[in-house]
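Chemist: Chains A and B are the protein sequences, given in the same order. Heads up: the first sequence runs through residues 1 to 116, numbered per this note's numbering. Heads up: the second sequence runs through residues 117 to 230, numbered per this note's numbering. Don't be surprised by glycine CBs; every beta carbon is placed ideally from N, CA and C. Pasting a structure below so you can have a look.
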Amino acid sequence: NAGVTQTPKFRILKIGQSMTLQCTQDMNHNYMYWYRQDPGMGLKLIYYSVGAGITDKGEVPNGYNVSRSTTEDFPLRLELAAPSQTSVYFCASSDLTINSGANVLTFGAGSRLTVL
Amino acid sequence: AQSVSQHNHHVILSEAASLELGCNYSYGGTVNLFWYVQYPGQHLQLLLKYFSGDPLVKGIKGFEAEFIKSKFSFNLRKPSVQWSDTAEYFCAVSFKAAGNKLTFGGGTRVLVKP
């Protein structure tokens with residue numbers, strides 16, 4: 001059981017380039033998330049999805065796009081990379097149950113992106 | 117907007133010392149509370165969680181946390197730390213009013229000296 005798999009682990013981009021961070025989960029979780037982690041700032045939610053075909057903005061969505069065509073995959077796209085997008089990106093998933101409302105996340109290993 | 121505050125950015129202590137990390141959240145009605153840990157070079161892992169019931173919850177590796185509703189706090193404790201507890205610790209809260217999305221605190225880096 002692989003859990004949440006992210007690729008690539010590391011990437012260096014030039015300003016203005018575009019790229020896609022891939023995220024796949026094999027736990028049949030409905031909910032998927034993209035966070036960015038910056039030193040001293042904790043994790044900030046970029047986008048999330050409650051199921052295939054449904055996505056919504058989090059706290060810091062500007063400069064990013066997502067899609068959710070299947071339950072398993074939730075790619076994050078950067079269209080015009082900027083230095084402010086230098087960060088560590090984490091994908092996560094959860095199986096939010098209606099009864100408990102409890103949201104336990106399983107995280108991927110992270111993708112470190114540097115924009116120069 | 118809902119927010120989560122962690123009191124210390126960095127904590128340095130020696131092995132066998134006691135650890136307490138503070139976490140406070142803004143008022144938001146019904147909440148679920150979590151502590152996640154990120155060991156060096158690893159991804160975030162769940163340390164413990166509180167949904168309901170006994171406000172003193174026990175997690176893995178000897179950690180515990182106490183939910184004090186009147187203080188909007190969920191402090192993490194460990195009576196005697198080990199070098200292997202060196203990590204970054206994140207408090208997280210899901211607010212029912214915000215659709216149960218997790219809001220993270222800024223994290224506390226803990227360094228345990230051998």
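Compare the C-beta of N30(A) with all C-beta atoms of chain B and state if any pair is closer than 8 Å.
Modeler: Taking Cβ atoms only, chain B never reaches closer than 8 Å to N30(A), which makes this a no.
Chemist: On a CA-only basis, which of V50(A), Y35(A), T24(A) is nearest K44(A)? Give me that one, please.
Modeler: Of the listed residues, the one whose Cα sits closest to K44(A) is Y35(A).
Chemist: Which value, in whole angstroms, describes the spacing of the CA atoms of S142(B) and A82(A)?
Modeler: Their backbone Cα atoms lie some 32 Å apart in a straight line.
Chemist: May I ask which residues mark the beginning and end of the beta strand (DSSP E) holding T24(A)?
Modeler: Taken as a continuous stretch (DSSP letters only), the beta strand (DSSP E) holding T24(A) covers 19-25.
Chemist: Using only the alpha-carbon positions, how far apart do K177(B) and D38(A) sit?
Modeler: K177(B) and D38(A): Cα-Cα distance of roughly 26 Å.
Chemist: Does DSSP classify I15(A) as helix, strand or coil?
Modeler: I15(A): coil per DSSP, three-state reduction.
Chemist: To the nearest angstrom, how far is the alpha carbon of Y48(A) from that of F74(A)?
Modeler: For Y48(A) and F74(A), the distance between alpha carbons rounds to 9 Å.
Chemist: I want to see whether chain B comes within less than 8 Å of G108(A), judged by CB atoms only; does it?
Modeler: Yes, contact with chain B.
Chemist: Measure from the C-beta of G40(A) to each C-beta in chain B and report whether the shortest distance is under 8 Å.
Modeler: Cβ-Cβ to chain B under 8 Å: yes for G40(A).
Chemist: Is H123(B) close to chain A? Criterion is C-beta to C-beta, closer than 8 Å.
Modeler: Not one chain A Cβ lies under 8 Å of H123(B).
Chemist: What does a CB cutoff of less than 7 Å around V50(A) pick up in its chain, not counting 5 residues either side in sequence?
Modeler: So the qualifying residues of the chain are N30, Y31.
Chemist: With contact counted as at least three CB pairs below 8 Å, one residue from each stretch, are the segment 126-142 of chain B and the segment 60-73 of chain A in contact?
Modeler: Flag = no, the segment 126-142 of chain B and the segment 60-73 of chain A do not touch.
Chemist: In the DSSP assignment, find the unbroken beta strand (DSSP E) run with L135(B) in it and report its ends.
Modeler: Its beta strand (DSSP E) spans residues 135-137.
Chemist: What's the gap between the Cα of S196(B) and the Cα of Q158(B)?
Modeler: In a straight line, the C-alpha of S196(B) is about 23 Å away from that of Q158(B).
Chemist: In three-state DSSP terms, what is Q85(A)?
Modeler: Looking at Q85(A) - three-state DSSP - the assignment turns out to be helix.
Chemist: With DSSP as the reference, please indicate the residues paired to T71(A) in a beta bridge.
Modeler: BP columns for T71(A) are empty, so no partner.
Chemist: What residues from chain B crowd round N103(A), counting only those whose CB sits closer than 7 Å?
Modeler: Near N103(A) (Cβ distances below 7 Å), the residues of chain B are N148, S210, N216, L218.
Chemist: Can you pull the chain B residues whose beta carbon is under 8 Å from the beta carbon of F90(A), in chain order?
Modeler: Those are H159, L160, listed as they occur along chain B.
Chemist: Tell me the residue span of the beta strand (DSSP E) that contains K229(B).
Modeler: Counting along the chain, the beta strand (DSSP E) containing K229(B) begins and ends at 224-229.
Chemist: Closest to T7(A) by CA distance: which of R77(A), N28(A), S84(A) is it?
Modeler: The shortest C-alpha separation from T7(A) is found at R77(A).
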